[in-house]
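**Q** In our numbering, the protein residues as written are 34 to 368.
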Ligand SMILES: Cc1cc2nc3c(=O)[nH]c(=O)nc-3n(C[C@H](O)[C@H](O)[C@H](O)COP(=O)(O)OP(=O)(O)OC[C@H]3O[C@@H](n4cnc5c(N)ncnc54)[C@H](O)[C@@H]3O)c2cc1C
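Written out as structure tokens, the structure reads:
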């Protein structure tokens, strides 16, 4: 247990905030003894993974539980799939590389996403046409209400678009490990964004999983500012999903609006396009700014506070609401 700990280097926005109490958990025994100890119920709690999907708006007057559980291995296989499990504190991208190095395809589209394995199910991470749920088998979590470890399948996790039961019942479950079902008969998912086009430019029509990962990594590097360059938490807003009639009304006045028809007849609209149309690209409020090339990403230009970022986010949401009648939803968890 440590006291009055700076979280600045533990969140990718690089926002200064201090934790009143801070414990790093490196085994299940650590977690259980913390749970039974006096510090557990002495105020609010925050589970911290890689801090890549968080907006810290002030000091945390409670206990930060930093996930340091490690380990990854093949735990089974059948005719169709490999079952691969990783502990919550493993680095997500390191785990993706481990699966590819082992010859198990399936997670390549999710390459280069920052954060931990335990953080990945919280918002059902997704990129380039694949979501975590597509490769998910089950996870283990410590249920803080019942005080015991539970195993949860996809239905119990209630995955949705950047959503899960872990967001809806925030604080109840602490994910300790995640198990993936990776297909032995694998088909590349390359019809999203520029993946197919980039592969064809390299003369590749039937790519390997590693080639898909390399192309996704190069597209991401060109499009997204990495936290090592400038503090950010990736996409700050979800892409809003609107009804067919609302879409028809909007597209008649905005024929260039970027949107994608969903299976249920609704449309997912590119939040980046909406923000850019409202003139926010490259603008800033205080030391918080909208990235010059990727308007979905809010950045800390150095010395920003969480409140600066929130003020900027609210101004953007107000513009989009006024111009398009669309309510943007924030993606990172606001603490
Ligand atoms: C440059 C950049 C690019 C990104 N690209 C993508 C992308 O393409 N797709 C995408 O979906 N996301 C993306 N993200 C967002 C982020 O990387 C993911 O959401 C990631 O999975 C968060 O994991 P984390 O360990 O950093 O979680 P944290 O930020 O530490 O925590 C986020 C939330 O999860 C909770 N949490 C974390 N670990 C646990 C646990 N073990 N048990 C219970 N609760 C837990 C926290 O309490 C908090 O509420 C990006 C972020 C950045 C900075």
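Just so you know, even glycine gets a beta-carbon here, dropped at the ideal spot from N, CA and C.
1. Enumerate, from N- to C-terminal direction, the unbroken alpha helix (DSSP H) stretches of 4 or more residues contained entirely within the region 240–302.
2. Are there any heavy atoms of ligand 1 lying less than 7 Å away from the beta-carbon of residue 195, as far as the coordinates show?
3. Assuming contact is defined by CB atoms lying nearer than 8 Å, are residue 96 and residue 122 in contact in what I supplied?
4. Am I right that residue 87 and residue 332 are in contact with their C-beta atoms under 8 Å? What's the rounded C-beta distance?
5. Compute the Euclidean distance between the alpha carbons of residue 178 and residue 93, then round it to the nearest angstrom.
6. Would you tell me roughly how many angstroms separate the C-alpha atoms of residue 235 and residue 135, rounded to the nearest one?
7. Out of 200, 205, 195, which has the shortest C-alpha to C-alpha gap to residue 175?
8. Grab the span of the alpha helix (DSSP H) containing residue 340 for me, first residue to last.
9. Using DSSP's beta-bridge definition, name the partner residues of residue 216.
10. Any heavy atom of ligand 1 closer than 7 Å to the CB of residue 189?
11. For the region 120–152, which segments carrying the alpha helix (DSSP H) assignment without a break, of at least 4 residues, lie completely within its bounds, in sequence order?
12. Between the C-alpha atoms of residue 259 and residue 284, what's the straight-line distance to the nearest angstrom?
13. CB of residue 218 to nearest heavy atom of ligand 1: below 7 Å?
14. Do you know how far the Cα of residue 89 is from the Cα of residue 339?
15. Would you report the Cα separation of residue 281 and residue 146, rounded to the nearest angstrom?
16. Quick one: what's residue 333 bridged to in DSSP?
17. Compare the Cα-Cα distances from residue 345 to each of 358, 66, 324 and report the closest residue.
18. Would you check if the region 288–301 and the region 314–330 touch, i.e. whether three or more CB-CB distances between them fall below 8 Å?
19. Would you mind stating whether residue 334 and residue 257 have Cβ atoms separated by less than 8 Å?
20. Keeping to the same chain, check which residues put their C-beta closer than 7 Å to that of residue 61; ignore five residues upstream and five downstream.
21. Rounded to whole angstroms, how far is the Cβ of residue 360 from the Cβ of residue 278, which I believe are closer than 8 Å?
22. Following a CB-centred definition, is residue 369 positioned closer than 7 Å to any heavy atom of ligand 1?
23. Could you check whether the Cβ of residue 235 sits closer than 7 Å to any heavy atom belonging to ligand 1?
24. Does the beta-carbon of residue 37 have 16 or more other beta-carbons within 10 angstroms, so that it is buried, or is it exposed?
25. Which same chain residues end up closer than 7 Å to residue 149 when comparing Cβ atoms and leaving out the 5 residues on each side of it in sequence?
26. As an exercise, report each continuous alpha helix (DSSP H) stretch of at least 4 residues that is fully enclosed by the region 143–208, in chain order.
27. Can you tell me the Cβ-Cβ gap for residue 364 and residue 268, rounded? I've got them flagged as a contact below 8 Å.
28. With distances taken from CA atoms, which of 51, 238, 45, 44 is nearest residue 35?
29. Measure the CB-CB distance between residue 199 and residue 158 and report whether it falls below 8 Å.
30. Please report the distance separating the alpha-carbon of residue 193 from that of residue 133.
31. Where do the N-terminal and C-terminal ends of the beta strand (DSSP E) with residue 53 fall, by residue?
32. On the CB-based measure, 16 or more other CB atoms within 10 Å of its CB, does residue 184 come out buried or exposed?
33. If you follow the alpha helix (DSSP H) that residue 63 is in, where does it begin and where does it stop?
**A** To lay it out plainly:
1. 242–256, 277–286
2. yes
3. no
4. At roughly 15 Å, the Cβ-Cβ gap does not stay under 8 Å, so residue 87 and residue 332 are not in contact.
5. 22 Å
6. 24 Å
7. 205
8. 339–357
9. 114
10. no
11. 125–134
12. 33 Å
13. no
14. 6 Å
15. 34 Å
16. 264, 321
17. 324
18. no
19. no
20. 209
21. 16 Å between Cβ atoms; not a contact.
22. In the structure as shown, the chain begins at 34 and stops at 368. Residue 369 is therefore absent and cannot be evaluated.
23. no
24. exposed
25. 82, 83, 100, 121, 122, 123, 124, 125
26. 187–190, 198–201
27. 5 Å
28. 51
29. no
30. 26 Å
31. 51–58
32. exposed
33. 61–69
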